[in-house]
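Going by this note's numbering, the sequence shown opens with residue 127, and the numbers climb by one from there. Accompanying notes for the structure given below.
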Amino acid sequence: MKIALAFSGGGIRALAHLGVVDVLRKSGFEIAAISGSSGGALVGSLLADGKSSDEIRSIFNDVKRTDLMRGVLSKGGMFSLKRLEEILEMTLTYKQIETLPIPL
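Structure follows, in C-alpha cells:
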C-alpha cells in the first residue's frame, strides 16, 4: 500500500519520524510522497533522496551543535544554515527536487 508522509518540525526531534518510517516499511507500506517543515523537511529530503533511516541517523550524529551555533548570536539568528547546506551538498545524490526518487 502506498502512503504519503507529513513530518513536523522540532529540530533534532524530527529524527523520531525515522522510527515510524521503519515500522511502516517493515509492515509493507511504500512511501509515495513526503512533506515536512523545519527539521521534518530535512529528514524528509534525505528520505526522498533514497537514504535509509540508519544513514540519516549517522548523518545527524556527525553534526555537532557547535557547528550550527557558530557565529550565529552576533547575527541575530538561532542557527546557522551554512553547515547544514554543506552537509546536504555532500550528502544528497539528487541535486534537483524534481529528480528525487520519492516526490517531496
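Don't be surprised by glycine CBs; every beta carbon is placed ideally from N, CA and C.
Decide yes or no for the touch test of the region 141 to 159 against the region 209 to 216: beta carbon pairs closer than 8 Å, at least 3 of them.
no
So V147 packs on L173, CB below 8 Å; how close in whole Å?
7 Å
8 Å contact criterion, which I138 and G162 should meet: CB distance rounded
Not quite, the Cβ-Cβ distance comes to about 14 Å (not below 8 Å), so this is no contact.
Enclosing beta strand (DSSP E) for A174 [first to last residue]:
Taken as a continuous stretch (DSSP letters only), A174 belongs to no beta strand (DSSP E), being part of the alpha helix (DSSP H) at G165 to A174.
Helix, strand or coil for G136, going by three-state DSSP, please let me know.
coil
Could you check where the beta strand (DSSP E) with I160 kicks off and where it finishes?
E156 to G162
In whole angstroms, give me the CA-to-CA distance for I228 and L207.
24 Å
Would you mind reading off the limits of the alpha helix (DSSP H) that contains S153?
Per DSSP, S153 belongs to no alpha helix (DSSP H) and is neither H nor E.
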